[in-house]
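No gaps in the numbering here: position 15 of the sequence shown is 15 in UniProt numbering, and each next residue is one more. Just so it is clear, CB atoms sit at the ideal spot from N, CA and C, and this is done for glycine as well. This report concerns only the one structure given below.
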Amino acid sequence: CYMEHGNCKLLATIYGPYEGESRSNQEQAVITCDFSMTSYCVSERRLRTFGDMKSQKLQMAIQRVFQQAVITETYPKSQIDIYLKILQSDGNDYCPCVNATTLAFINAGIPMKDFVCSSTVGYVQNKCIIDLNQQEEQQKSPQLTLTIMPQREDIVALSCESRVHHDIYNEMLDAATRANLQLFNLMKQAVFQQLKTALHVL
Numbered sequence: 001c002y003m004e005h006g007n008c009k010l011l012a013t014i015y016g017p018y019e020g021e022s023r024s025n026q027e028q029a030v031i032t033c034d035f036s037m038t039s040y041c042v043s044e045r046r047l048r049t050f051g052d053m054k055s056q057k058l059q060m061a062i063q064r065v066f067q068q069a070v071i072t073e074t075y076p077k078s079q080i081d082i083y084l085k086i087l088q089s090d091g092n093d094y095c096p097c098v099n100a101t102t103l104a105f106i107n108a109g110i111p112m113k114d115f116v117c118s119s120t121v122g123y124v125q126n127k128c129i130i131d132l133n134q135q136e137e138q139q140k141s142p143q144l145t146l147t148i149m150p151q152r153e154d155i156v157a158l159s160c161e162s163r164v165h166h167d168i169y170n171e172m173l174d175a176a177t178r179a180n181l182q183l184f185n186l187m188k189q190a191v192f193q194q195l196k197t198a199l200h201v202l
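This is the structure in structure tokens:
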């Protein structure tokens with residue numbers, strides 16, 4: 001799945017299911033994640049070395065999200081790998097990775113409990129800003145990231161990087177929820193359009 005998410009451009013690929021190397025989990029598939037960035041994709045042209053702390057943290061977060069969302073019981077004794085490559089970055093990479101991975105799983109025909117949608121909201125100059133770019137992130141304003149399964153109304157992951165007043169927190173949470181519902185509608189339309197195109201080809 002190729003996705004443009006704001007100014008972020010990335011590829012998400014699913015490999016598997018296949019017979020896994022680990023026998024520790026016999027009842028369901030194990031999901032792994034591999035994240036990388038091209039050397040020229042960050043605006044300040046910093047080279048992200050493979051396996052750095054931030055990349056490892058993102059890999060683990062993506063893995064946890066989709067271990068919950070994929071119906072892993074369908075594929076016992078197997079492994080499913082997520083490969084993510086950022087081609088152009090402009091701030092938060094986590095949300096684009098989650099949203100692109102959702103579409104990649106659907107395209108691969110691997111059953112999921114629901115779509116997974118993720119949005120980040122920043123509180124800048126007394127208002128909520130959706131999908132912060134790199135410049136806005138550097139202002140160190142409060143940020144809230146919400147990952148949900150919209151049809152099930154389940155929160156998969158929620159984090160707030162700063163301590164904020166309860167009213168501001170609720171405002172940010174509401175904004176992130178609305179953004180995720182809009183994302184869900186856009187992603188659903190993209191899936192239906194791809195299905196219509198595939199049926200037309202057949």
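Inter-residue spacing [alpha-carbon to alpha-carbon] between residue i and residue j
i, j, result
"G6", "T197", "25 Å"
"D167", "P142", "13 Å"
"P76", "Y15", "16 Å"
Beta-carbon gap between residue i and residue j smaller than 8 Å
i, j, result
"Y83", "S118", "no"
"Q59", "F35", "yes"
"Q26", "E73", "no"
"V124", "E136", "yes"
"L11", "L87", "yes"
Coarse secondary structure for residue i, derived from DSSP in three states
i, result
"P96", "helix"
"S162", "coil"
"L199", "helix"
"A29", "coil"
"D34", "strand"
"I62", "helix"
"I71", "coil"
"I82", "strand"
Legend entry - Stretch-stretch touch, CB-based, cutoff 8 Å, three pairs: the region 143 to 156 with the region 76 to 91: no
Inset, instruction - Run through the UniProt domain "Exoribonuclease phosphorolytic" (114 to 178) for me and flag every whole alpha helix (DSSP H) of 4 or more residues, listed as ranges in chain order. - result: 134 to 137
Legend entry - Stretch pair the region 122 to 131 + the region 167 to 176: three plus CB contacts closer than 8 Å: yes
Inset, instruction - Mind the definition here: the region 99 to 111 touches the region 150 to 161 only if three or more C-beta pairs lie below 8 Å; say whether that holds. - result: no
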